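Peer 1: Quick one: structure below, then a few questions.
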Amino acid sequence: MILWRSVVGKLWGTILLLVSFVLFVLTILMLEFIENYHVDKAEEELNQLAKKVSSVIESHEDKDLARSISWELIDEMTDILIIEDQNNYWISPIKDDNMTHLDVEDIEADQELSQALVMQEKVSKRTNLESPNNQFANAEDEVLIVGVPYKISDSRYGAVYISQSLSAVHETTKHTTKYIILAAGIAIILTTIFAFFLTTKITQPLRKMREVAQELARGKFETKVPILSNDEIGELGIAFNQMGRQLKFHINALSQEKEHLTNILSSMADGVITLNIDGTILVTNPPAERFLQAWYYEQEMNVDKGEELPPEAKELFHRVVNTEKEQNIELMIQGRSWVILMSPLYNQSYVRGAVAVLRDMTEERRLDKLRKDFIANVSHELRTPIAMLQGYSEAIVDDIASTDEEKKEISQVIYDESLRMGRLVNDLLDLARMEAGHISLNLEEIDIEQFVDKINRKFQGLANEKSISLKAQVNLQDRIFILDPDRIEQVLTNLIDNAIRHTDKHGVVTIEVEDHEKGLTINVKDSGSGIPEEDLPFVFERFYKADKARTRGKAGTGLGLAIVKNIIEAHKGKIQVHSKIDEGTTFTIFIPRKREDTE
């Protein structure tokens, strides 16, 4: 840091300039006073000398003797001029040729000096007389001249003029000036040392406060200013420490409040976006960021730079700001349904932005669609057997069947359709109980190899009828596993039945069982027609059938895979499906060994 920009430099410079100015003024005044004092003393002495000379001249009859006595009263710096009239005057002998000397022409030329001769008044004057020497022809020497009248006779008066060079006074003033300047220099040096020491001591706490302030700016709020005195600077240090403690308290409070608000926003299931008045995003939480990322991904390279919201959301924002009322819209992004509820954000009396709450309504819309589809599917599934029951019943009532064989055939159809309706209702009841969490599992220790072998033999007859090869591949290290055998048999029955039903002649259906540390894996593979890729996400939904053209009746109720999924999830397991058209389908079941809770 440059010295002149620091507090020490400014204080030191100020004190030094102030002292220098005071010393300069005092020096000027003192020199003026000394010079005037010496001139006044010289004038007083010259007046006394002039009075003596005039008394000597007046009291002696012998004027030559009187003048001789007068010449003895002066030194080489002093001249005496005695004038009786314009023609009679006497000048003291010249003792120093280098000095300027008084002459009668000087008196006659100066109206003020001539007053002593003309008006008999005392006069005194400082003036310059030219030196008679060529060496000093151009130099001027200031002299002090006094004039005193004396009485020649009752009617005649003369005048005694005494001049004295002021060079001695000037010389004294020069010596005095040297001593004063020397004293002023010493005073300035001492003042500099004292001022620098004083300002350093004064500013040391201030520098410490600056260091502490820098530490506070870096977040080190525990740093304190040492209190070195009890004066105003000490009180400033105490106040500074109190300010640091208060600052730490308030920043901690703000940090806790911010962290609390951040945790609330992060844990919210709904997305929150805070917008500035110009539409820029200020704050978002994770669900809102997922919404924005989904929109960016959907738009790919079509998003303009700086456009952070979908156009519909931007239009909604402008409506909110302009009307200052709550607005909402629903958007479809990446196959998910988002409802945006936006409200104005106020700063005292004016709108400073808006806050948007984004809710993912995909599941609600899906459930609503499932409810509608469920009603439609149940109605559709029941309509066919009811229509057949009604039609064949009318045939019996109207005696359309004439032979016992036809009546028996019609009765068999009615019986089959009633069984189908019963299965449908039972499946619906089972599925409803499972989805409500009321499924009960009877867990037992089962020999998995024997269990799979039993199911394999159960479907061999059906597989042989369709010329399909049904195989079981069991690779177990521990044959004993805990599960509900009836429910798992229901699962495998459904999967194997579907696999055989959708596998062409001479196809292959394989049951693969393998255990490992985490649990049991069962794969049911077939080489059938496969499931279209667009239908794979929906195969476990109720009444969903990938083959839209297959016939009813033996095709099932469409609830089997939904029941399978619920049974596996009741075992805390997972089921997945992989399929390719004309290559086959694989259902993979995983049942963990350890379950936190079981029914």
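Throughout, this note's numbering is defined as the position within the sequence shown, counted from one, plus 2. Think of the CB as a built atom: it goes at the ideal place given N, C-alpha and C, for glycine as much as any other residue. Quick caveat, the model's predicted, so the values are computed rather than measured.
#1: Assuming I191 is part of the alpha helix (DSSP H), what are its boundary residues?
#2: Anyone know if the C-beta pair for N330 and M344 falls short of 9 Å?
#3: Going by C-alpha distance, which of N500, G562 and H573 is nearest T588?
#4: Which value, in whole angstroms, describes the spacing of the CA atoms of N568 and V399?
#5: Helix, strand or coil: how does DSSP classify V541 here?
#6: Kindly give me the distance between the Cβ atoms of I448 and P487, rounded to whole angstroms, as I take these residues to be in contact under 8 Å.
#7: So, at 8 Å on beta carbons, what are the nonlocal neighbours of I190 in its own chain, with the 5 sequence-adjacent residues on each side left out?
#8: Based on Cα-Cα distance, which residue from T179, S268, E407 and D528 lies nearest to L31?
#9: Mind checking R385: buried by the 16 CB within 10 Å criterion, or exposed?
#10: Just the Cα atoms here: how many angstroms apart are G555 and R459?
#11: Within 8 Å, do at least three Cβ pairs link the stretch 156-173 to the stretch 77-90?
#12: Could you check what DSSP says for K582 in three-state terms: helix, strand or coil?
#13: With C-beta atoms as the reference, is N287 less than 9 Å away from V274?
#14: Tell me the residue span of the beta strand (DSSP E) that contains Q329.
#15: Below 8 Å on the Cβ atoms is my contact criterion, and I expect P346 with E317 to pass it. Report the Cβ-Cβ distance as a whole number of Å.
#16: Based on Cα-Cα distance, which residue from P228, G509 and N49 lies nearest to V125?
#17: Could you check the C-alpha separation between Y348 and M270 for me, to the nearest Å?
#18: Please state if the CB of V579 and the CB of I542 are separated by a distance shorter than 9 Å.
#19: Take the Cβ of I82 as the centre, count every other Cβ of all protein chains shown within 10 Å, and call the residue buried at 16 or more, exposed below.
#20: If you follow the alpha helix (DSSP H) that I570 is in, where does it begin and where does it stop?
#21: Could you tell me the alpha carbon to alpha carbon distance between Y299 and N477, rounded to whole angstroms?
#22: With DSSP collapsed to three states, give me the class of L445.
#23: If you pair each beta-carbon of the stretch 503-519 with each one of the stretch 466-486, do three or more pairs fall below 8 Å?
#24: Are the CB atoms of I266 and A296 within a distance shorter than 9 Å?
#25: Kindly list the residues whose CB is nearer than 6 Å to the CB of A557, restricted to its own chain and excluding five residues on each side of it in sequence; keep chain order.
#26: If you draw a straight line from the C-alpha of I591 to the C-alpha of L294, how long is it?
#27: Evaluate Q113 with the Cβ neighbour count: other Cβ atoms within 10 Å of its Cβ, from every protein chain shown; 16 or more gives buried, anything less gives exposed.
#28: Mapping the DSSP letters down to three states, classify N130 as helix, strand or coil.
#29: Is the number of C-beta pairs between the stretch 214-224 and the stretch 198-205 that are closer than 8 Å three or more?
#30: Just verifying my parser: in three-state terms, what is the DSSP assignment at Q88?
#31: If I follow the unbroken beta strand (DSSP E) through G521, where does it start and stop?
#32: Y181 and S56: beta carbons closer than 9 Å?
#33: Using the rule of at least 16 other Cβ atoms within 10 Å of the residue's Cβ for burial, across every protein chain shown, is Y394 buried or exposed?
#34: Could you pull out every unbroken beta strand (DSSP E) segment of at least 3 residues lying fully inside the stretch 358-417, listed in chain order?
#35: Could you tell me the distance, in whole angstroms, from the CA atom of P539 to the CA atom of L563?
#36: Can you tell me whether DSSP reads L18 as helix, strand or coil?
Peer 2: Short version:
#1: For this step, residue 191 is matched to residue 189 along the sequence shown. Unbroken alpha helix (DSSP H) run through I191: S169 to A219.
#2: What you label residue 330 is simply residue 328 of the sequence shown in a count that begins at 1. What you label residue 344 is simply residue 342 of the sequence shown in a count that begins at 1. Between N330 and M344, the gap from beta carbon to beta carbon is short of 9 Å.
#3: For this step, residue 588 is matched to residue 586 along the sequence shown. Of N500, G562 and H573, the residue nearest in Cα terms is N500.
#4: Against the sequence shown, residue 568 aligns to sequence position 566. Against the sequence shown, residue 399 aligns to sequence position 397. Taking the CA atoms as reference points, N568 sits about 43 Å from V399.
#5: Position 539 of the sequence shown, counted from the start, is the residue given in the question as residue 541. DSSP places V541 in coil when its eight states are reduced to three.
#6: Working through the sequence shown from its first residue, we reach residue 448 at position 446. Working through the sequence shown from its first residue, we reach residue 487 at position 485. About 5 Å separates the CB atoms of I448 and P487; that is less than 8 Å, so the two are in contact.
#7: Taking the sequence shown and counting its residues from 1, the one referred to as residue 190 is at position 188. L18, V21, S22 and L25.
#8: Position 29 of the sequence shown, counted from the start, is the residue given in the question as residue 31. Ranking T179, S268, E407 and D528 by CA distance to the CA of L31 puts T179 first.
#9: Position 383 of the sequence shown, counted from the first residue, corresponds to residue 385. If you draw a 10 Å sphere on the C-beta of R385, you find fewer than 16 other C-beta atoms in it, and that means exposed.
#10: Looking up residue 555 in the sequence shown gives position 553. Looking up residue 459 in the sequence shown gives position 457. Because the pLDDT at G555 is just 41, under 50, the model does not fix this residue reliably, and the value given afterwards should be weighed accordingly. If you take the alpha carbons of G555 and R459, they lie about 25 Å apart.
#11: Enough Cβ pairs lie closer than 8 Å, so yes.
#12: Here residue 582 is taken as the residue at index 580 of the sequence shown, counted from 1. Residue state, collapsed to three classes: strand.
#13: Walking along the sequence shown from the start, residue 287 turns up at place 285. Walking along the sequence shown from the start, residue 274 turns up at place 272. Between N287 and V274, the C-beta spacing is below 9 Å.
#14: The residue given as residue 329 occupies position 327 in the sequence shown. Membership of Q329 in the beta strand (DSSP E) is indicated by the continuous run Q329 to I335.
#15: Here residue 346 refers to the residue found at position 344 when the sequence shown is read from its first residue. Here residue 317 refers to the residue found at position 315 when the sequence shown is read from its first residue. E317 and P346 do not touch by the CB rule: their CB atoms are close to 15 Å apart, not below 8 Å.
#16: What you label residue 125 is simply residue 123 of the sequence shown in a count that begins at 1. By alpha-carbon distance to V125, the top candidate from P228, G509 and N49 is N49.
#17: Here residue 348 is taken as the residue at index 346 of the sequence shown, counted from 1. Here residue 270 is taken as the residue at index 268 of the sequence shown, counted from 1. About 23 Å.
#18: In the sequence shown, the residue the question calls residue 542 occupies position 540. In the sequence shown, the residue the question calls residue 579 occupies position 577. The residue asked about is misnamed: residue 542 is Phe in this sequence, not Ile. The answer is yes: Cβ separation under 9 Å.
#19: Position 80 of the sequence shown, counted from the first residue, corresponds to residue 82. When all chains shown are included, I82 counts as buried.
#20: As a first step, residue 570 must be located in the sequence shown, where it is residue number 568. I570 -> alpha helix (DSSP H) spans G562 to A572.
#21: Locating residue 299 in the sequence shown gives position 297, counting from the first residue. Locating residue 477 in the sequence shown gives position 475, counting from the first residue. Each residue's alpha carbon lies about 44 Å from the other.
#22: The count along the sequence shown starts at 1 and reaches residue 445 at position 443. The three-state secondary structure of L445, taken from DSSP, is coil.
#23: Yes, since at least three Cβ pairs between the stretch 503-519 and the stretch 466-486 fall closer than 8 Å, the two stretches touch.
#24: If you number the sequence shown from 1, residue 296 lands on position 294. If you number the sequence shown from 1, residue 266 lands on position 264. Between A296 and I266, the gap from beta carbon to beta carbon reaches 9 Å or more.
#25: Position 555 of the sequence shown, counting from 1, holds the residue named residue 557. With a pLDDT of 48 at A557, under the threshold of 50, the modelled position of this residue cannot be trusted, and the question is left open.
#26: Against the sequence shown, residue 591 aligns to sequence position 589. Against the sequence shown, residue 294 aligns to sequence position 292. I591 and L294: Cα-Cα distance of roughly 35 Å.
#27: Along the sequence shown, one-based indexing puts residue 113 at 111. Label assigned to Q113: exposed.
#28: Walking along the sequence shown from the start, residue 130 turns up at place 128. Strand, per DSSP.
#29: Counting Cβ pairs under 8 Å, fewer than three are found: no touch.
#30: Sequence index remark: in the sequence shown, residue 88 carries index 86 (1-based). In the displayed model, Q88 falls within coil according to three-state DSSP, outside both helix and strand.
#31: For the purposes of this step, residue 521 is taken as the residue at position 519 of the sequence shown. G521 to D528 is the extent of the beta strand (DSSP E) around G521.
#32: Mapped onto the sequence shown, residue 181 falls at position 179. Mapped onto the sequence shown, residue 56 falls at position 54. No; because the gap between Cβ atoms is not below 9 Å, this pair is not in contact.
#33: Position 392 of the sequence shown, counted from the start, is the residue given in the question as residue 394. Its Cβ being crowded by 16 or more others within 10 Å, Y394 is buried.
#34: None, since the stretch 358-417 contains no complete beta strand (DSSP E) of that length.
#35: Counting from 1 along the sequence shown, the entry for residue 539 is found at position 537. Counting from 1 along the sequence shown, the entry for residue 563 is found at position 561. The straight-line gap separating the alpha-carbon atoms of P539 and L563 is approximately 12 Å.
#36: Locating residue 18 in the sequence shown gives position 16, counting from the first residue. In this structure, L18 counts as helix in the three-state DSSP scheme.
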